[in-house]
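Shown next, in structure tokens, is the structure this report addresses.
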Amino acid sequence: MNWTQATTSDGQTFVFDDRGSGPLVILWHGYPDTPYGWAPTAEFLAQQGYRTITPWLRGYHPETVLHGRGYRPTTLALETARLLDALGEDDAIVVGHDFGALLTYGAAAYTPERVRAIVTVAIPHLSLVRPSLGLLWAARHFAELRLPWARWWVQRKDFKYISDEYRRWAPGWRGDSRDRTLADTKNCFSEPGNLDEAIAYYRQFNGRFGRAGHKIDKRGLVVGHTDDIVPANAIEATPTRLAEGSSALIIEGAGHWPHREDEPRFQAALLEFLKSVD
């Protein structure tokens, strides 16, 4: 990927890959991941006549840190609009995985005039996440990453913590793409500042989503799995919390990275959705 930068009037810098031309699509990555995971899809969409912007989440690249600006959900909801401001663009179709999905729901709820449609991956509408003992255990990283020694714990034994998350969250994902994605994540987190900022997303998470916790009046495609920590039925129900014409895709056997675990199927569904928006 070829990285370029753009900065808002108040000094927030975005670092991103920019390819193709046509309707604008933003691809937000999540945790534990990097923008490199979106590279095949970004190139696929560019070849299909779209312009793709694939940014680093704020804090995952040293140039993107903005001191004094936190990572609470309602703050992250404005990241997409700020990126569009930096790019000098009015609106985009927004795609997001994991924390990127949280940004995507937030953008559609708080800045609907900047969002044409949304695609969220692995995360259902936030109102559909029902607490349970099983979910609390499966999502224990939300508690573990708030601990004072979290950075040491994540980095120890060549990031065994991250490797274990990949194994637990996507037990059926094998091969070069999985290994490369894990290696890219370890390389990103080898920079202590990047890891500290990634952990800050969890330390500042307060479970308050504001408008994003209510029905969102935007068409969307939500992509899910049958082998991840969030039940597939929450993914299947998400279109009821979005605008008419929304849909869900469940990829059987996929874990937390369904867009990577069956890339051809995901890309075909994404392209079909984008064409329907256009």
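Counting along the sequence shown from 1, when you hit position 101 you're at 101 in full-length UniProt numbering, and nothing is skipped either side. The C-beta atom is built at its ideal place from N, Cα and C for all residues, glycine as well.
_Alpha-carbon spacing of GLU79 relative to ASP17, whole angstroms_ = The alpha-carbon atoms of GLU79 and ASP17 are separated by roughly 16 Å.
*When DSSP labels each residue in this structure, what does LEU195 get in the three-state scheme?*
Helix, per DSSP.
*asked:* Is the beta carbon of ALA107 closer than 8 Å to that of residue 286?
replied: A question about residue 286 goes unanswered here, because the residues of the chain that appear run from 1 up to 278.
*When DSSP builds the beta bridges, which residues end up paired with ILE251?*
Partner(s): HIS225.
*Would you mind sorting ALA81 into buried or exposed? The rule is 16 or more other CB atoms within 10 Å of its CB.*
Per the 10 Å Cβ criterion, buried.
*asked:* For a quick check, are the C-beta atoms of GLU252 and TRP173 less than 8 Å apart?
replied: Cβ distance not < 8 Å, so GLU252 and TRP173 don't count as in contact.
*Looking at ILE199 and ALA109, is the spacing between their C-beta atoms short of 8 Å?*
No; because the gap between Cβ atoms is not below 8 Å, this pair is not in contact.
*How would you call SER246, buried or exposed, if buried means at least 16 neighbouring beta carbons within 10 angstroms?*
Taking all protein chains shown into account, SER246 has 16 or more neighbouring C-beta atoms within 10 Å of its C-beta and is therefore buried.
*What number of angstroms, rounded off, separates the C-alpha of VAL119 from the C-alpha of ARG180?*
Approximately 24 Å between the Cα atoms of the pair.
*Just mark LYS275 as buried or exposed, buried being the case when its beta carbon has 16 or more other beta carbons within 10 Å.*
Around the beta carbon of LYS275, fewer than 16 other beta carbons lie within 10 angstroms, which makes this residue exposed.
*Under 8 Å, do THR74 and GLY210 count as touching if we go by C-beta distance?*
Judged by beta-carbon spacing, GLY210 lies within the 8 Å limit of THR74, meaning their Cβ atoms are closer than that value.
_Can you look up THR13 in the DSSP assignment and give me helix, strand or coil?_
THR13 sits in a strand when the DSSP states are folded into three classes.
*Identify whether SER262 lies in helix, strand or coil by the three-state DSSP scheme.*
Reading off the sequence shown, one finds Asp at residue 262, where the question assumed Ser. If DSSP states are grouped into helix, strand and coil, ASP262 belongs with coil.
*Does the separation of the CB atoms of GLU197 and VAL15 fall below 8 Å?*
No Cβ-Cβ contact shorter than 8 Å links GLU197 with VAL15.
*Beta-carbon proximity list for SER163, same chain, < 7 Å, skipping 5 on both sides*: Taken in chain order, the residues that qualify are LEU182.
*asked:* My assumption, with CB atoms under 8 Å, is that ALA170 sits in contact with ILE229. Please give the rounded CB distance.
replied: ALA170 to ILE229, Cβ: 10 Å. No contact.
*C-alpha distance - VAL115 paired with LEU126, whole-angstrom precision*: So the two alpha carbons sit approximately 18 Å from each other.
*Please determine, among GLY100, LEU102, PHE99, THR111, the residue with the shortest C-alpha to C-alpha distance to ASP90.*
Ranking the options by Cα distance to ASP90, first place goes to THR111.
*For GLY37, count neighbouring Cβ atoms within 10 angstroms of its own Cβ and tell me buried if that reaches 16, exposed if not.*
Per the 10 Å Cβ criterion, buried.
*What's the C-alpha gap between ALA77 and VAL121?*
So the alpha carbons of these two residues sit roughly 16 Å apart.
*In the DSSP assignment, find the unbroken beta strand (DSSP E) run with PRO55 in it and report its ends.*
Start and end: 51-55.
*Where do the N-terminal and C-terminal ends of the beta strand (DSSP E) with GLY96 fall, by residue?*
First-last of the beta strand (DSSP E) with GLY96: 92-97.
_Nearest-angstrom Cβ-Cβ length linking LEU128 and ALA237, presumed shorter than 8 Å_ = The pair is a contact, with the Cβ atoms about 5 Å apart (cut-off 8 Å).
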